[in-house]
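**Student:** Okay, here's the structure, questions in a sec.
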Amino acid sequence: MNMLKMEENAKYRQTIKNVLEYDHRILPRFVNFMNNPDEKTAVEQFGKEGKYYGACVLLVTMPGLPMIGHGQIEGFREKYGMEYRHAHWDEQVDEHMVRMHEEKIFPLMGKRWLFSGSENFVLYDFFAGGQVNEDVFAYSNLKGCERGIILYHNKFAETSGWIRTSTAIGVKGANGETVLVQKSLGDALCFNGDGRCYYIFSDYASGLEYIRSGRELSDSGLFVELKAFEYHAFLDFREIWDDEYGTWGQLCHSLNGSPAQSMDEEVKQVRYKGLNNRLRELLALQAVDQEETEKPVAEQFRNRLTAFLVALAEHTGDVGKWERLVTALARQYALFSRLTTHKTGDVPVDEPLLQFGEVMGTRIGRLICYSHICLHAAGRLVDEKAYPHASAEFFSRFGLYRPLEESFQAISEEVWQRFPGMDPATAVSLIRVMIEHQLLLSTAVEKDGERDFTTLLEETQARTFLLVNRSNDHEWFNRERFEMLMTWLGVAALFDTEKEFDADELMAMAKALQKEITEITGKAQEAGFEVKEFLAWLNLRKWRNDKLAAKIPNA
519 MNMLKMEENA
529 KYRQTIKNVL
539 EYDHRILPRF
549 VNFMNNPDEK
559 TAVEQFGKEG
569 KYYGACVLLV
579 TMPGLPMIGH
589 GQIEGFREKY
599 GMEYRHAHWD
609 EQVDEHMVRM
619 HEEKIFPLMG
629 KRWLFSGSEN
639 FVLYDFFAGG
649 QVNEDVFAYS
659 NLKGCERGII
669 LYHNKFAETS
679 GWIRTSTAIG
689 VKGANGETVL
699 VQKSLGDALC
709 FNGDGRCYYI
719 FSDYASGLEY
729 IRSGRELSDS
739 GLFVELKAFE
749 YHAFLDFREI
759 WDDEYGTWGQ
769 LCHSLNGSPA
779 QSMDEEVKQV
789 RYKGLNNRLR
799 ELLALQAVDQ
809 EETEKPVAEQ
819 FRNRLTAFLV
829 ALAEHTGDVG
839 KWERLVTALA
849 RQYALFSRLT
859 THKTGDVPVD
869 EPLLQFGEVM
879 GTRIGRLICY
889 SHICLHAAGR
899 LVDEKAYPHA
909 SAEFFSRFGL
919 YRPLEESFQA
929 ISEEVWQRFP
939 GMDPATAVSL
949 IRVMIEHQLL
959 LSTAVEKDGE
969 RDFTTLLEET
979 QARTFLLVNR
989 SNDHEWFNRE
999 RFEMLMTWLG
1009 VAALFDTEKE
1019 FDADELMAMA
1029 KALQKEITEI
1039 TGKAQEAGFE
1049 VKEFLAWLNL
1059 RKWRNDKLAA
1069 KIPNA
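Just so we're on the same page, our numbering is the position in the sequence shown counted from 1, plus 518.
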């Protein structure tokens, strides 16, 4: 691969083309390497940036035998001769380079069964502006139903273009003569050109997914944009047939070639566009200034909440159950408005209710609490008892997290800087966990019920939010995230009621919740935020709600 280092790209492509024209079976005999004991090390020749990883991708995805040099993965620079008994230089492992290999290169090495053969290997001309760009290496391979497309731009420049037609391939005829043929991308990878057929595939370089129509891939090929020394490794192709509503076609058209984190999630934004737009309108109300609107905000809240719940009920098949929900949530919204507009001077600073109010009083805090009110009881449309889980499940089922993300992303970076450890994704994750476990500190749990921290620390979304990690056979959770979650679950408990409390009752509830939160977080600290130790303490001391019930009026 010395020609890659020298950027003699046309010469290297011609070498591959010559082999394919003569006999493709020669390619698997190649030994592909970036350095050997007689040469400078790989990092000395290719560096540690894009050019190195692009060449390394070709190394592990071309037919033949890939050979990794000594110390190449670790980023060592010492030339290691065959006569060396030990290293002469005291070099430290480049952890970043090792991690990059683990993330970018090793997954491709795990696909050697797809790339090692040459029977279905096809090299393409990359057409940019009507001319072949010799600096782009584009090829594909096929094994059974598995497809792979590799592109690498070995030049300090940017380019964009199409791959559609292969270079010449020598095929033995019946009489033993070699005939040169060319294949289209569609023929080489057996794409279905039906207008209803779409292909979703992953880019192992970025971790993102793309969608293309089978007709475009078959007729026009694949359009790709490449920056300097950039590569794409398109794998994991799956064939999708459009439904009667043209959902996948709409998605493909709306993305217009752009990638996404998950096409399965993106298609929800098409299927449930109306529902998500109703939620956007509901969330937008939080940014409305009461003095600048003609209708009272409370009235607008009821109207937009009704529109959202009606749209949700149409998808869940439970039309007619939303009316009682609107009344209850309107009461909770009134309480929310009351707490977040409370003047600091009206209540002593050390009062627990004010402490909750301060948490909800920031712009980010208001949006978190408001979002919780809008969504936490939606599950009652399908399940009156297990509504917290049903409400949380709507996040993934209907893609409701997207409008939430957009609302938090609209908040300026300057505001986020005042909340270390918080960002839009973390805020949405917090809301999801709040909704799933909203009854954990609730005063409405029956008196002999336990605080189910075991479920909390086992549930996937909660573990992700709490940054649960394993070390030395022990699991640990993050202190700041746990304390944040306990505070917000206390906020959730304040709204877990259909009764309208007076100021004294609210103050008593807030005081009892703050006391319990303080005790829980204190015990978590004593346990060193180690999962097993914390749960062991909970087993020794069963938490009962009569502790709160003795001080709090019945909800």
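Beta carbons are placed, not taken as given, at the ideal position from N, Cα and C, and that holds for glycine.
None of the values given here were measured: they were computed from a predicted structure.
Could you tell me which residues DSSP pairs with P584 in its beta bridges?
**Tutor:** Here residue 584 refers to the residue found at position 66 of the sequence shown. BP columns for P584 point to N550.
**Student:** Does the segment 579 to 599 come within contact of the segment 544 to 551, defined as at least 3 CB pairs closer than 8 Å?
**Tutor:** The answer is yes - the segment 544 to 551 touches the segment 579 to 599, with three or more Cβ pairs under 8 Å.
**Student:** Measure the alpha-carbon distance for T1036 versus M1002 and round it to whole angstroms.
**Tutor:** Position 518 of the sequence shown, counting from 1, holds the residue named residue 1036. Position 484 of the sequence shown, counting from 1, holds the residue named residue 1002. Approximately 12 Å, taken between the alpha carbons.
**Student:** Which two residues bound the contiguous beta strand (DSSP E) that contains E902?
**Tutor:** Against the sequence shown, residue 902 aligns to sequence position 384. It is not in any beta strand (DSSP E) - E902 carries neither H nor E in the DSSP assignment.
**Student:** Mapping the DSSP letters down to three states, classify S780 as helix, strand or coil.
**Tutor:** Walking along the sequence shown from the start, residue 780 turns up at place 262. Coil.
**Student:** Name the one or two DSSP bridge partners that E1048 has.
**Tutor:** As a first step, residue 1048 is located in the sequence shown; it is residue number 530 there, counting from the start. According to DSSP, E1048 bridges with W994.
**Student:** If you follow the beta strand (DSSP E) that A852 is part of, which residue opens it and which one closes it?
**Tutor:** Against the sequence shown, residue 852 aligns to sequence position 334. Unbroken run through A852 is the alpha helix (DSSP H), W840 to T858; no beta strand (DSSP E).
**Student:** Here's the rule I'm using: 16 or more other beta-carbon atoms within 10 Å means buried, otherwise exposed. How should Q956 be labelled?
**Tutor:** Mapped onto the sequence shown, residue 956 falls at position 438. Flag for Q956 reads buried.
**Student:** Go ahead and pull the three-state DSSP assignment for K661.
**Tutor:** Indexing the sequence shown from 1 puts residue 661 at position 143. Correct three-state label for K661: strand.
**Student:** In this structure, how does DSSP classify L707 when only helix, strand and coil are distinguished?
**Tutor:** By 1-based counting over the sequence shown, the position of residue 707 is 189. Three-state DSSP puts L707 in coil, outside helix and strand.
**Student:** Quick check on the DSSP output: the alpha helix (DSSP H) that includes G767 runs from which residue to which?
**Tutor:** The sequence position of residue 767 within the sequence shown is 249, counting from 1. Per DSSP, G767 belongs to the alpha helix (DSSP H) from T765 to L773.
**Student:** Based on the DSSP output, what are the partners of S684 in its beta bridges?
**Tutor:** Here residue 684 refers to the residue found at position 166 when the sequence shown is read from its first residue. Paired residue(s): Y642.
**Student:** Provide the residue(s) that pair with Y728 in DSSP beta bridges, ordered along the chain.
**Tutor:** One-based indexing of the sequence shown puts residue 728 at position 210. Y728 pairs with F719.
**Student:** Is it true that the segment 886 to 893 meets the segment 1003 to 1014, where meeting means three or more beta-carbon pairs spaced less than 8 Å apart?
**Tutor:** The segment 886 to 893 is in contact with the segment 1003 to 1014.
**Student:** Less than 7 Å separating the Cβ of E596 from some heavy atom of the ligand FAD?
**Tutor:** With respect to small molecules bound, the structure shown includes none, and the ligand FAD cannot be examined in it.
**Student:** What do you get for S684, buried or exposed, if any count of 16 or more other CB atoms within 10 angstroms of its CB means buried?
**Tutor:** Reading the sequence shown from its first residue, position 166 is the one you call residue 684. S684 should be labelled buried.
**Student:** Taking the Cβ atom as the reference point for each residue, do C770 and Y716 lie within a distance shorter than 8 Å?
**Tutor:** By one-based count along the sequence shown, residue 770 stands at place 252. By one-based count along the sequence shown, residue 716 stands at place 198. Yes. Within cutoff.
**Student:** Please classify P938 as buried or exposed, where buried requires at least 16 other C-beta atoms within 10 Å of its C-beta.
**Tutor:** To locate residue 938, count along the sequence shown from 1; it is residue 420. With fewer than 16 Cβ atoms within 10 Å of its Cβ, P938 is classed as exposed.
**Student:** Take L847 and list the residues in its own chain whose beta-carbon comes closer than 8 Å to its own, dropping the five residues that flank it on each side.
**Tutor:** Within the sequence shown, residue 847 is the residue found at index 329, counting from 1. For L847, where only same-chain residues beyond five positions count, the Cβ hits under 8 Å are L823, I891, C892 and A895.
**Student:** Rounded to a whole number of angstroms, what is the C-alpha to C-alpha distance between E743 and Q649?
**Tutor:** For the purposes of this step, residue 743 is taken as residue 225 along the sequence shown, with counting starting at 1. For the purposes of this step, residue 649 is taken as residue 131 along the sequence shown, with counting starting at 1. Spanning the two alpha carbons is a distance of roughly 15 Å.
**Student:** Judging by CA-CA distance, which residue of L698, K629 and F1047 is the nearest neighbour of F995?
**Tutor:** Locating residue 995 in the sequence shown gives position 477, where the first residue counts as 1. Comparing Cα-Cα distances from F995 to each of L698, K629 and F1047, the minimum goes to F1047.
**Student:** Are the beta-carbon atoms of L753 and G666 separated by less than 8 Å?
**Tutor:** Working through the sequence shown from its first residue, we reach residue 753 at position 235. Working through the sequence shown from its first residue, we reach residue 666 at position 148. Yes, the Cβ-Cβ distance between L753 and G666 is below 8 Å.
**Student:** Flag this pair as yes or no: are the beta carbons of H671 and F719 separated by less than 8 Å?
**Tutor:** Taking the sequence shown and counting its residues from 1, the one referred to as residue 671 is at position 153. Taking the sequence shown and counting its residues from 1, the one referred to as residue 719 is at position 201. Cβ atoms of H671 and F719: not closer than 8 Å.
**Student:** Could you give the residue range of the alpha helix (DSSP H) that holds N987?
**Tutor:** Residue 987 sits at position 469 when you count from the first residue of the sequence shown. It is not in any alpha helix (DSSP H) - N987 instead sits in the beta strand (DSSP E) that spans N987 to S989.
**Student:** Let me confirm a value: F536 is counted as buried when at least 16 other C-beta atoms fall within 10 Å, else exposed. Which label applies?
**Tutor:** Counted from its first residue, the sequence shown places residue 536 at position 18. Correcting the residue identity first, residue 536 is Asn in this sequence and not Phe. Label assigned to N536: exposed.
**Student:** Look at the alpha carbon of V986 and the alpha carbon of E911, and state the distance between them as a whole number of angstroms.
**Tutor:** Counting from 1 along the sequence shown, the entry for residue 986 is found at position 468. Counting from 1 along the sequence shown, the entry for residue 911 is found at position 393. Straight-line Cα distance between these residues: approximately 21 Å.
**Student:** Would you say the segment 818 to 837 touches the segment 938 to 955, given that touching needs at least three Cβ pairs under 8 Å?
**Tutor:** With a cut-off of 8 Å, the segment 938 to 955 and the segment 818 to 837 do not count as touching, because too few Cβ pairs lie within range.
**Student:** Give the straight-line distance between the Cα atoms of W934 and M940, rounded to the nearest whole angstrom.
**Tutor:** The residue you call residue 934 lines up with position 416 of the sequence shown. The residue you call residue 940 lines up with position 422 of the sequence shown. So the alpha carbons of these two residues sit roughly 7 Å apart.
**Student:** Please classify Q787 as buried or exposed, where buried requires at least 16 other C-beta atoms within 10 Å of its C-beta.
**Tutor:** Within the sequence shown, residue 787 is the residue found at index 269, counting from 1. The residue in question, Q787, is buried, as its Cβ has 16 or more Cβ neighbours within 10 Å.
**Student:** Is the beta carbon of I729 closer than 8 Å to that of L660?
**Tutor:** Walking along the sequence shown from the start, residue 660 turns up at place 142. Walking along the sequence shown from the start, residue 729 turns up at place 211. No; because the gap between Cβ atoms is not below 8 Å, this pair is not in contact.
**Student:** In whole angstroms, what separates the C-alpha of R950 from that of Q979?
**Tutor:** Your numbering for residue 950 matches position 432 in the sequence shown. Your numbering for residue 979 matches position 461 in the sequence shown. One C-alpha to the other measures close to 8 Å.
**Student:** Quick one: what does DSSP say F916 is sitting in, helix, strand or coil?
**Tutor:** Within the sequence shown, numbered from 1, the residue matching residue 916 stands at position 398. Correct three-state label for F916: helix.
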